[in-house]
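Sequential numbering of the first sequence, starting at 0, is according to numbering that gives the first Met the number 0. Quick reminder that beta carbons are idealized off the backbone N, C-alpha and C, glycines included. Since this is a predicted model, take the numbers as computed values, not measurements.
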Amino acid sequence: MAQAQKITPRAKDFSEWYNDVIMQAELADYSPVRGCMVIRPNGYGIWELMQRALDDMFKAAGHRNAYFPLFIPQSFLAKEAEHVEGFAKEVAIVTHTRLKATGKAGAGAVTPDPASALEEPLVVRPTSETIVYAMFAKWIQSYRDLPLLLNQWCNVVRWELRTRLFLRTTEFLWQEGHTAHADEADAEREARLILGIYRRFAEEWMAMPVITGVKTDSERFAGALRTYAIEALMQDRKALQAGTSHNLGQNFAKAFDVKYQTAAGGLEHVWNTSWGVSTRLIGGLIMTHSDDNGLICPPRLAPIQVAIVPIWKTDAERAQVLGVGERVAADLGAVGVRATLDTRDTVKPGAKYFEWEARGVPLRLEIGPRDVAAQQVMTARRIGGKAPAPLDELTQVIPAMLDEIQAALLSAARERREAASIRGVTKEQLIAFMKDQGGFAYGGFCGDKLCEAAIKESTAATVRVLPDPEFRSPQAPTTCLWCGKASVAEAVWAQAY
RNA sequence: CGGGGCGUAGCGCAGUCUGGUAGCGCGUCUGGUUUGGGACCAGAAGGUCCCGGGUUCAAAUCCCGGCGCCCCGACCA
0 MAQAQKITPR AKDFSEWYND VIMQAELADY SPVRGCMVIR PNGYGIWELM
50 QRALDDMFKA AGHRNAYFPL FIPQSFLAKE AEHVEGFAKE VAIVTHTRLK
100 ATGKAGAGAV TPDPASALEE PLVVRPTSET IVYAMFAKWI QSYRDLPLLL
150 NQWCNVVRWE LRTRLFLRTT EFLWQEGHTA HADEADAERE ARLILGIYRR
200 FAEEWMAMPV ITGVKTDSER FAGALRTYAI EALMQDRKAL QAGTSHNLGQ
250 NFAKAFDVKY QTAAGGLEHV WNTSWGVSTR LIGGLIMTHS DDNGLICPPR
300 LAPIQVAIVP IWKTDAERAQ VLGVGERVAA DLGAVGVRAT LDTRDTVKPG
350 AKYFEWEARG VPLRLEIGPR DVAAQQVMTA RRIGGKAPAP LDELTQVIPA
400 MLDEIQAALL SAARERREAA SIRGVTKEQL IAFMKDQGGF AYGGFCGDKL
450 CEAAIKESTA ATVRVLPDPE FRSPQAPTTC LWCGKASVAE AVWAQAY
């Protein structure tokens, strides 16, 4: 087993470390198809927990799930001008419907049958706006049909040049919400509502602090009026866009002719929003919390929250500690703790410790003859710290410990982020900061895309967001840090994934 | 598409410069002893050395041509 590398700020081997964590925790693997990822059960378990939590939040806000097709007629993508620009360069296209045997064995045994060429090629969805709004046009006639609040869980394909496990894979799993509203204010409220849900999910479930705000034009979603995002800072001080929520205005409604009759009898285009988070969140979770021993999974998203490791010498001791272990696992299960008893007798306890640590299990319980005699178990937290706990108090103590670990991870991540943030930067400071250190740099911005491009050119940093009031510096900047003209908004710069 | 690294047992690698019986560690299997932080001993199985051609008595090794993967860029809601 390869040893994980030390995490140091902006270390050259951060990528290597990241891949190591994924491989050792058995979260995912490379597939035979370049750029496509196989998500293994350990990784998918995290995704299932993420799905459940997000789905509950969406539903509580009045959304319902639906499903739209994988294939989109090529012409659909062409209907919204900016949208074509944004996705044309990275889609997979289906052109034929069957194969033909060539009679030869091996590599050239089959080939697309020329006779089966499609009249209009189908694009594998890179996102579903076009096909969703084509359906909305059928479903929406009256103001009484609004708002229409839908979400779908699905896979999408974007043929990126360079891929990275979880962060940017050719195919990925996500949820995409699509809504239609009667007026701009309602659509804006929706886009903001979802941004808030994403933020809460990131902080409360992933223990990953984020800053929220609006994207500049150059980073806006293709076809949107405005794009809001949550941005997190990873341990190598690079930013990760963890979720986006778009106010699409009437752009798609006009392209797909989605109109409704108002209460007053007029005919208006609807206002749309779309929003999504993906399996990229798992990459963010890994890079936010893990260490040299492997994954650290925040308790609320840990498929296994507690690993119980029994310790014995003799058969009598074995029977005894396993008996206690089974009861502890059952008791914890009864109070909603996901616990597993590691009964393997082919692996020594020390080896089990390392294994559960690499997998990110937040809490380990050791039960040996000495513990049984003392009516206690030894608790060992993934983030450090061992302490005994009385057997008859575990159903209270363990959930409390999991909550503590969850909270500790969030505050540690927040402290790391703040330690890697500077405010009120000057041009010279920004250049030095991005070169030597990296992190979130707050400063004045004139709003000019030429300035944005120049900054990217010399520092590799981009505007992550124009932050919401809560995240802004106490003293609003008055001038653009780059050109010195009047600042229109404070911006957060960082090098990003 | 550019720059760098690599392709040898399930995994990680040495061997390539300087051609000469294909090796090591981990894992797997068998038996025994073990079990409070990655157990030990003994034995065993496991290979188109990425592919194709060439040079040679002899090629993992040298030459030519392919293919593939990883990292860095370009690209990227």
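Can you tell me where the alpha helix (DSSP H) holding residue i begins and where it ends?
i: Cys450; result: Lys448 to Thr458
i: Trp152; result: Trp152 -> not in any alpha helix (DSSP H); beta strand (DSSP E) instead, spanning Leu147 to Val156.
i: Val371; result: Pro368 to Ala372
i: Thr394; result: Leu393 to Ala418
i: Val327; result: Asp314 to Ala333
i: Phe75; result: Gln73 to Leu76
i: Pro348; result: Pro348 to Ala357
i: Tyr17; result: Phe13 to Gln23
i: Ala87; result: It is not in any alpha helix (DSSP H) - Ala87 carries neither H nor E in the DSSP assignment.
i: Lys137; result: Glu128 to Trp138
i: Leu280; result: Arg279 to His288
i: Ile430; result: Lys426 to Asp435
From the options, pick the residue whose C-alpha is nearest to that of residue i; which is it?
i: Tyr227; options: Glu218, Ser127, Lys237 and Gly212; result: Gly212
i: Leu166; options: Leu53, Glu79 and Leu280; result: Leu280
i: Gln374; options: Asp402, Arg380, Val323 and Ser420; result: Val323
i: Arg369; options: Ser141, Glu316, Val334 and Lys347; result: Glu316
i: Glu354; options: Val308, Gln395, Gly335 and Gly384; result: Val308
i: Ala136; options: Ile366, Lys253, Pro113 and Pro208; result: Lys253
i: Val268; options: Gln395, Asn250 and Ser420; result: It should be noted that the sequence gives His, not Val, for residue 268. When only C-alpha atoms are compared, the closest one is Asn250.
i: Cys296; options: Ile310, Ala440, Ala372 and Arg358; result: Arg358
i: Ile303; options: Asp256, Thr110, Leu362 and Gly176; result: Leu362
i: Asp314; options: Met207, Leu294 and Gly367; result: Gly367
i: Leu393; options: Ala452, Gln474 and Val327; result: Val327
i: Glu47; options: Gly446, Glu325 and Trp204; result: Trp204
i: Trp481; options: Gln474, Thr425 and Phe220; result: Thr425
i: Ala263; options: Arg143, Gln405, Ala406 and Ala59; result: Arg143
Can you name the residues that DSSP bridges to residue i?
i: Phe220; result: According to DSSP, which records beta bridges pairwise, Phe220 is partnered with nothing at all.
i: Ile92; result: Val122
i: Asn271; result: Ala179 and Gly248
i: Glu203; result: Paired residues: none, contrary to the question.
i: Met36; result: Tyr29
i: Lys258; result: His268
i: Phe171; result: Val155
i: Lys385; result: Ala379
i: Asn41; result: Paired residue(s): none; Asn41 is not in a bridge.
i: Glu365; result: Val308 and Met377
i: Ser141; result: Gln260
Might you give, ordered along the chain, the residues of its own chain that have their beta carbon closer than 6 Å to the beta carbon of residue i, omitting 5 neighbours on each side?
i: Ala485; result: none
i: Ala488; result: Phe444 and Leu465
i: Phe13; result: Asp235
i: Tyr496; result: Leu166, Lys237 and Leu239
i: Leu194; result: Thr211, Tyr227 and Ser244
i: Ser277; result: Phe171 and Trp173
i: Asp148; result: Note that residue 148 is Leu in the sequence shown, not Asp. So the list reads Gly61, His62 and Thr178, once near-sequence residues are dropped.
i: Ala386; result: Thr378
i: Arg471; result: Glu489
i: Ile196; result: Met56
i: Tyr66; result: Gln151
i: Ala493; result: Ala238, Phe439, Ala460 and Arg463
i: Asp256; result: Ala136
By Cβ distance, which residues of its chain are closer than 7 Å to residue i, with the 5 residues on each side in sequence left out?
i: Arg9; result: Unreliable positioning characterises Arg9 in this predicted model, as indicated by a pLDDT of 47, which lies under 50. The coordinate reading is nonetheless provided below. The residues are Asp235, Arg236 and Gly437.
i: Ile71; result: Leu121, Val122, Arg124, Thr129 and Ile130
i: Ala27; result: Ile21, Met36, Val37, Ile38, Arg39, Gly42, Leu164 and Phe165
i: Asp467; result: Thr211 and Gly212
Can you list, in chain order, the residues of its chain whose CB lies under 8 Å from that of residue i, leaving out five sequence neighbours each side?
i: Leu117; result: Val93, Thr94, His95 and Thr96
i: Ser141; result: Tyr259 and Gln260
i: Val360; result: Cys296, Ala301, Ile303, Gln304, Val305, Ala306 and Arg381
i: Asp216; result: Lys448
Heavy atom of the ligand GTP less than 7 Å from the Cβ of residue i, yes or no?
i: Arg279; result: No copy of the ligand GTP occurs in the structure displayed, which carries no ligand at all.
Can you tell me where the beta strand (DSSP E) holding residue i begins and where it ends?
i: Met377; result: Gln375 to Arg380
i: Trp492; result: Ala488 to Ala493
i: Leu465; result: Thr461 to Pro466
i: Thr345; result: Careful: Thr345 lies outside any beta strand (DSSP E) and carries neither H nor E.
i: Lys237; result: Per DSSP, Lys237 belongs to no beta strand (DSSP E) and is neither H nor E.
i: Leu340; result: Ala338 to Leu340
Measuring CB atoms only, is the stretch 463-474 touching the stretch 411-418, in the sense that at least three cross pairs come out at less than 8 Å?
The stretch 463-474 vs the stretch 411-418: no contact.
Check whether the stretch 147-162 and the stretch 84-92 touch, using three or more Cβ-Cβ pairs below 8 Å as the test.
Contact between the stretch 147-162 and the stretch 84-92 is present: 3 or more CB-CB pairs across the two stretches fall below 8 Å.
Are the stretch 243-253 and the stretch 215-224 touching by the rule of at least three beta carbon pairs closer than 8 Å?
Contact check between the stretch 243-253 and the stretch 215-224: three or more CB pairs, one atom from each, fall below 8 Å, which counts as touching.
Taking one C-beta from the stretch 76-86 and one from the stretch 119-133 each time, how about it: are there three or more such pairs within less than 8 Å?
Taking 8 Å as the limit for Cβ pairs, the verdict is that the stretch 119-133 does touch the stretch 76-86.
Counting Cβ pairs, one atom from each stretch, are 3 or more of them under 8 Å apart for the stretch 421-434 and the stretch 180-189?
Cβ pair count under 8 Å is below three, so no.
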